[in-house]
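Input: a single structure, listed below in structure tokens.
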Amino acid sequence: MKIVIIAGSNRKDATSTMLAKALEAQMNRLFVEVKLFNLYETPLPFYSPDDIFNSHDGVRELQRLMLEADGIVLTTPEYHGGMSGVLKNALDHMGKLHFSGKPVLSVSSAGGAVGVSSLQQMQATVRNLHGINSPEWISIGGSQRSIYETEAAEGVIVLDYRAKEALSIFMELVKKISSGEKVEAS
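Here it is as structure tokens:
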């Protein structure tokens with residue numbers, strides 16, 4: 001099973017990126033092949049339909065990873081009720097070819113209690129790219145954010161029970177779909 005995580009922030013120590021790294025670490029502990037694509041470390045040019053065959057190395061690398069992936073995790077900070085501009089821009093560089101039939105786990109970090117608006121926006125985008133939204137999502141906010149920030153400063157990031165459960169449900173969905181097993185709607 002191959003999973004790609006897109007860390008959708010252009011801030012160095014974004015909580016959503018720390019959460020992406022915690023998800024990556026948890027999957028590594030479970031011996032899942034996972035690749036984290038960090039948009040802070042590899043910024044992409046603005047998408048333009050006039051430049052559809054983009055020669056940018058970062059765009060080509062992300063497109064290659066997405067083609068090879070069995071499942072996708074999208075992480076974002078919530079900005080003004082939506083996903084980050086850098087994540088939306090990265091998704092604009094992708095198409096149905098990269099998402100069709102693949103499970104996607106949406107993850108957000110919000111300044112308030114939870115980032116529901118950004119999660120709904122990501123799920124709408126995934127549907128339009130013909131991806132399969134995981135029935136669970138992960139959102140951290142408020143005091144949860146400070147826990148991740150403190151743990152990151154200490155070099156240890158641990159997912160809480162709820163996040164582990166959502167990740168487990170997502171990975172089970174990836175496993176079923178990639179093996180061709182019938183999936184029941186819940």
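If you read the sequence shown in full-length UniProt numbering, its first letter stands for residue 1, the second for the next number, and so on.
Backbone N, C-alpha and C fix where the C-beta goes; we use that ideal spot for every residue, glycine too.
According to DSSP, what are the bridge partners of Leu105?
Sequence index remark: in the sequence shown, residue 105 carries index 105 (1-based). Note: Leu105 sits in a beta bridge opposite Val73.
Rounded C-alpha distance that separates Pro135 from Ser9
Locating residue 135 in the sequence shown gives position 135, counting from the first residue. Locating residue 9 in the sequence shown gives position 9, counting from the first residue. If I take the Cα positions, the gap works out to 24 Å.
I'd like to know whether the C-beta atoms of Phe31 and Asn89 end up nearer to each other than 9 Å.
By one-based count along the sequence shown, residue 31 stands at place 31. By one-based count along the sequence shown, residue 89 stands at place 89. It is not a contact, given that the beta carbons lie outside the stated cut-off.
Buried or exposed: Val174, going by 16 or more other Cβ atoms within 10 Å of its Cβ?
Here the question's residue 174 lines up with position 174 in the sequence shown. Looking at its Cβ environment, which holds 16 or more other Cβ atoms inside 10 Å, Val174 is buried.
Quick test of your reading: Ser117 and Gly82, contact by CB under 8 Å. State the CB separation rounded to the nearest angstrom.
By one-based count along the sequence shown, residue 117 stands at place 117. By one-based count along the sequence shown, residue 82 stands at place 82. Sure, about 6 Å apart at Cβ, within 8 Å.
Three or more C-beta pairs closer than 8 Å, one from the segment 66-85 and one from the segment 12-27: is that the case here?
yes
Quick one: Cα of Gly142 to Cα of Phe37, how far?
In the sequence shown, residue 142 corresponds to position 142, counting from 1. In the sequence shown, residue 37 corresponds to position 37, counting from 1. Distance between the alpha carbons of Gly142 and Phe37 is about 26 Å.
Hey, would you say Leu19 sits closer than 9 Å to Ser109, going by beta carbons?
Taking the sequence shown and counting its residues from 1, one reaches residue 19 at position 19. Taking the sequence shown and counting its residues from 1, one reaches residue 109 at position 109. Yes, these two residues count as a Cβ contact at 9 Å.
Hey, is Asp70's beta-carbon within less than 9 Å of any beta-carbon in chain C?
The structure shown has no chain C; it contains just one protein chain.
Within 10 angstroms of its Cβ, does Val104 collect 16 or more other Cβ (buried), or is it exposed?
What you label residue 104 is simply residue 104 of the sequence shown in a count that begins at 1. When all chains shown are included, Val104 counts as buried.
May I ask you to list the residues that DSSP assigns as paired with Ala110?
By one-based count along the sequence shown, residue 110 stands at place 110. Paired residues: Gly141.
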